[in-house]
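According to our numbering, the stretch in the sequence shown is residues 1 to 52, in order.
Accompanying notes for the structure given below.
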Amino acid sequence: MQTTRRSLLHGLWLKWSALIHGALRLQFLTYCQGWSIGIVRGTCLQIGQGRS
1 MQTTRRSLLH GLWLKWSALI HGALRLQFLT YCQGWSIGIV RGTCLQIGQG RS
């Protein structure tokens, strides 16, 4: 009984850690994407201001 309970907990832990890891990775990716878009927009604005 003890081993099955432990394996159940282990399975739940693996599922949770995978979910958390996926969520964090998604958050990190969206953050990086927004950051890079901000840099691109900033440089484009600087180039546009430099020309005028």
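All C-beta atoms, glycine included, are put in the ideal place defined by N, C-alpha and C.
Predicted model, so just to flag it, every value in this text is computed and none were measured.
Query: Below 7 Å CB to CB, which residues in the same chain sit around His21 once its five sequence neighbours on both sides are set aside?; Result: none
Query: Would you report the Cα separation of Leu12 and Ser36, rounded to the nearest angstrom?; Result: 36 Å
Query: How long is the line joining the alpha carbons of Ile47 and His10, rounded to whole angstroms?; Result: 55 Å
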